[in-house]
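A quick write-up on the structure given underneath.
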Amino acid sequence: MAANCGASAWPWPCCCCSWSCGWPAPRSATPRPPPETIPAAGRSALIDFLELVQLFMTMIAVESVTRYYGALKAVDAVSFGVERGEVVGFVGPNGAGKSTVLKMLSTFLLPSSGRILVDGLDTALQSLEVRRRIGYLSGDTPLYLDMRVDKFLRFVGRARGLRGADLAGHLERTVQTCGLQGVLLQRVGQCSTGYRQRIGLASALIHDPPILLLDEPTHGFDPMQVMAFRQLLRELSRDRAVLFSTHIIADVEASSDRVLIIHQGRLLAQGRLPDLAAASGRPQAGLEELFAHLVQTSRGPDHA
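Taking the numbering used here, the leading residue of the sequence shown gets 820, the next gets one more, and so forth.
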């Protein structure tokens, strides 16, 4: 069974929402009041309020999702959530099922069973609405190599429904965010691998989506670009939910609030790294050691 060690004493941290709620800031350690200290009438109202807060915060909910390719089970009963304001790192070896999960989240694939909600919308029933709410950087994001970078991003923005001053404003912010000022007038095909990855990220960001799905986002980056990207993730997550997949342990350790560890299609563990390490009996373990331990102790048939 997957470990789930990230729960704090206060399970639904609040954010700067439209309510003047006065609850703690995200990831606060303030304990939840004991139920016996709250009158029965107030307890029911508090529970209703907390459920509303949790609904507002939860941007991605994956519920017992399985995906087959023919007879091959690529994803096996995976469940997890991602909240607004957090970065979740999805780590596993190549072929573990990370990209398949992201493709289901982005509606490019349907689950064989289970359910996925993105901003409260069912990906199987409301795929167009889901796509408006996500920015998706896949491992093979299509880039038009003969187009200039600025014209390509304008094209993507128009495809996302942006026009006029809206398009110009979104383009300017995205170019600054992704550090593309120096290559705007170059053709995409003339840019380095790292810059092409930035262009792909810009195409995922240009419509300012509340949810970002990033598949191997640091592929092709040099060390300085990796450091800049990690800082960018923190900035992007302030008002978004960010889920990124990688097989690079250091990216997850440096950038994530929580970790999902997947192997052979099964979610082996999820939670904050210190909590997972403590639960494994290795409180000083880093993610690399923890990952190796979980893989070695896992059992099950082979998956893609």
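From the three backbone atoms N, C-alpha and C, an ideal C-beta is built for every residue, glycine too.
Item	Value
In this structure, how does DSSP classify L929 when only helix, strand and coil are distinguished?	coil
If I follow the unbroken alpha helix (DSSP H) through F1040, where does it start and stop?	That residue, F1040, is in no alpha helix (DSSP H); it is neither H nor E in DSSP.
Using 8 Å as the threshold, is the stretch 1040-1056 in touch with the stretch 1082-1098, meaning 3 or more CB pairs across them?	no
Consult DSSP for E991 and reduce its assignment to one of helix, strand or coil.	helix
Determine the contact status of M878 and R903, defining contact as a CB-CB distance below 8 Å.	yes
In the DSSP assignment, the alpha helix (DSSP H) including V1114 goes from what residue to what residue?	L1106 to T1116
Thinking C-alpha only, which one of L936, D969, G998 and G1039 is nearest A987?	D969
Is there contact here, the stretch 913-922 with the stretch 969-978, by at least three beta-carbon pairs under 8 Å?	no
Do the stretch 1058-1070 and the stretch 1025-1034 make contact, defined as three or more Cβ pairs closer than 8 Å?	yes
Per DSSP, what are the beta-bridge partners of S1064 in this structure?	F909 and D1034
Please tell me whether S957 and D1070 are closer than 8 Å, where the distance is taken between their beta carbons.	no
Which same chain residues, not among the five before or five after L1109, have their C-beta less than 7 Å away from its C-beta?	L1095, A1096, S1099 and R1101
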